[in-house]
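What follows is one structure encoded as structure tokens, with my remarks underneath.
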Amino acid sequence: MQIEVALRAEIENAVANVFGQRVDALQIQPTNQEFEGSHTLVCFPLTKLSRKGPEETARMLGENLLQHSQLVGNYNVIKGFLNLTLRDETWVKVLNDIRANPSFGQTPPEGREIMIEYSSPNTNKPLHLGHLRNNFLGYSVAEIYKANGYTVHRVQIINDRGIHICKSMAAWKLYGDGETPDSSSTKGDHLVGKYYVEFDKAYKAQVKALVEKGMTQEEAEKEAPVMKVAADMLRKWEQKDPETIALWKTMNGWVYEGFSETYRKMGVAFEKLYYESDTYLLGKDEVLKGVDRGVFFRKPDGSVWVDLTADGLDQKVLLRADGTSVYITQDIGTAILRFRDFPKITGQVYTVGNEQEYHFKVLFLILDKLGYDWAKRCYHLSYGMVDLPSGKMKSREGTVVDADDLIEEMTAEAEKQTRELGKIGDMNSEEARELFKMIGLGALKFFLLKVDPKKRMLFDPNESIQLQGFTGPFIQYT
RNA sequence: GCACUCGUAGCUCAACUGAAUAGAGCAUCUGACUACGGAUCAGAAGGUUCGGGGUUUGAAUCCCUGCGAGUGCACCA
């Protein structure tokens with residue numbers, strides 16, 4: 002890094018000496034492999050200043066550098082590109098500096114703080130392949146910030162409340178027969194996920210039966226007994242009915258235990274968890290304050306809206322006519338809460354799928370309109386879906402790839418390949434198991450991270466674990 | 001319909017802020033080594049950067065436009 006700064010200063014001086022004027026935005030880039038040199042100055046933009054052709058301009062600068070520079074040992078000119086070769090002494094010094102610096106590549110903490118949110122699953126089913134991309138992206142960005150001198154706060158919001166968990170609860174109560182993770186030796190999140198599927202099956206069957214009895218589809222969807230139980234549970238939950246709350250806590254507890262095991266296997270962690278059940282009522286006061294200040298407006302029915310048409314977006318509802326919150330209201334509250342919890346953070350990164358791009362655009366605009374200057378430093382780290390060679394993942398069709406299963410398979414495949422190659426030699430079984438995990442998980446992480454986040458991507462499990470090609474195992478082996 | 005994103009070699013992906021002959025891996029082909037195959041090694045071929053305009057000394061990259069794919073456009077979350 003030092004060398005780049007020093008070299009730039011020298012080149013800036015050379016430009017000033019030769020053409021009598023300082024230029025700030027010099028384009029210095031790595032020299033192409035096929036030419037001699039390590040750094041290249043692009044001289045085309047300087048021709049206006051030099052009033053000479055690009056090659057002559059480059060040559061004049063090269064000569065000047067040769068005379069005055071401490072760093073440059075030689076130069077060559079190809080078209081308008083001035084290729085610079087540094088002296089051997091320069092490189093020796095660079096390498097010595099690197100050797101003397103134990104934290105090379107890392108900026109020591111500088112007091113800047115940032116919050117990174119990732120994962121943020123629903124609590125009614127286990128994590129899947131999409132969550133893996135999310136977690137690895139979020140965690141990596143956090144690590145990058147850390148290496149750049151930031152103190153990072155890793156958080157997630159857990160969607161522990163709402164009709165989705167009530168569906169699992171309803172199915173468990175109706176058909177569960179008291180089954181627990183212990184009694185069935187099933188991982189908690191998988192058990193709750195199983196009852197979510199049970200619910201869906203029962204619901205569909207019941208709707209079908211009711212339609213056959215002459216009900217309309219719409220009526221049947223409301224009248225299906227399982228749905229009535231689930232809706233009733235949601236109502237009771239909101240009324241804080243002790244029995245419902247107890248069941249909700251129990252089943253969420255199972256899920257959390259399952260999740261933490263998955264996170265441990267993935268190698269990610271969180272500093273603080275936000276629960277939607279704690280935050281879903283937040284934001285209402287902020288919205289009402291916004292109404293008083295004229296940032297938002299009320300419609301005749303009493304509902305509160307924000308008008309974003311001037312920003313090229315629509316009008317969005319923030320509070321219903323009955324005064325209750327909608328989804329974005331709680332996000333407003335949660336964002337503000339987080340900046341209160343961590344007053345020193347300068348911004349927030351939300352790692353969330355690209356289907357929520359519009360939502361975050363609206364959210365950040367609203368926070369800005371409410372006068373929070375940090376709204377400009379909130380960023381939606383958006384990423385595309387993960388497809389499989391067999392096609393799209395669809396929960397209804399059961400083509401979702403479970404995160405635990407996948408990690409398991411990758412590790413097993415790593416073991417198979419390593420044993421075939423006979424590479425484990427005299428390792429004991431403990432060391433070998435560590436190795437398989439490292440290879441399997443490395444394959445997964447590398448493959449999911451090597452693609453531009455915003456692009457939709459194809460995950461090929463078989464390709465990812467290969468010892469050849471652009472893969473994690475290849476890099477680890479090398 | 002409107003908005004946003006994406007479109008690069010047969011396939012999966014690179015190309016930082018506009019820069020030199022658009023790069024990798026896989027697959028393919030040729031050769032070496034192999035009893036044969038695999039593995040390995042050496043090499044080759046593979047591109048109108050979706051089409052058409054424009055801006056620029058210079059465009060995969062920026063602008064306009066057409067086409068294709070995806071996502072979003074609930075008083076759901």
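Take the first sequence: its letters are residues 2 to 479, numbered as in this note's numbering. The C-beta atom is built at its ideal place from N, Cα and C for all residues, glycine as well.
Taking a contact to require three or more Cβ pairs closer than 8 Å, the region 362–380 and the region 98–108 do not qualify as touching. Counting along the chain, G354 sits inside the beta strand (DSSP E) bounded by residues 346–354. Between the alpha carbons of E213 and E220 lies a gap of roughly 12 Å. DSSP, reduced to helix, strand and coil, places D315 outside both helices and strands of the structure shown, so it counts as coil. Take the alpha-carbon of T335 and the one of L283: they are about 7 Å apart. For F340, the uninterrupted alpha helix (DSSP H) run begins and ends at 328–342, by DSSP. Annotated three-state conformation of E11 is helix, per DSSP.
R155 sits in a strand when the DSSP states are folded into three classes. Between A415 and A444, the CB-CB gap stays under 8 Å. Of the other Cβ atoms in all chains shown, 16 or more fall within 10 Å of the Cβ of G291; this residue is therefore buried. Its Cα nearest to that of L42, the residue I12 stands out among K53, Q68, I12. Unbroken alpha helix (DSSP H) stretches of 4 residues or longer found wholly inside the region 412–459: 430–450, given in chain order. Within the model, the alpha-carbon separation for L50 versus K285 is close to 59 Å. Within the DSSP secondary-structure output, N160 pairs in a beta bridge with N123.
In the structure shown, the three-state DSSP call for L371 is coil. L436 is positioned such that its CB atom lies closer than 8 Å to that of M428. For the region 274–324, the continuous beta strand (DSSP E) assignments of 3+ residues that do not extend past its boundaries occur at 305–308, 316–320, in sequence order.
Look at I29 here: in three-state DSSP terms it is strand. Rounded to the nearest whole angstrom, the C-alpha separation of Y176 and S396 is 21 Å. Y76 is bridged by DSSP to L85. In terms of Cα proximity to T352, the closest of D312, P454, Y275, T330 is P454. By the Cβ criterion, the region 112–127 is not in contact with the region 77–97, since fewer than three pairs of Cβ atoms, one from each stretch, lie closer than 8 Å. When C-alpha distances from S278 are compared across Y328, F297, E222, K300, the shortest belongs to Y328. In the DSSP assignment, Y380 is bridged to V350. With fewer than 16 other Cβ atoms from the protein chains shown falling within 10 Å of its own Cβ, I476 counts as exposed.
Here V193 is near K126, since their CB atoms are less than 8 Å apart.
Here Q331 is buried, its C-beta having at least 16 other C-beta atoms within 10 Å.
Scanning its chain for C-beta atoms nearer than 7 Å, with the 5 sequence neighbours on each side dropped, one finds around S326 the residues Y281, L282, G284, K285, L320, in chain order.
For P109, the enclosing beta strand (DSSP E) covers residues 108–118. As the crow flies, the alpha-carbon of T479 is around 21 Å from that of G106.
Minimum Cα-Cα distance from C167 among the listed residues Y146, K209, A311, E244 corresponds to E244.
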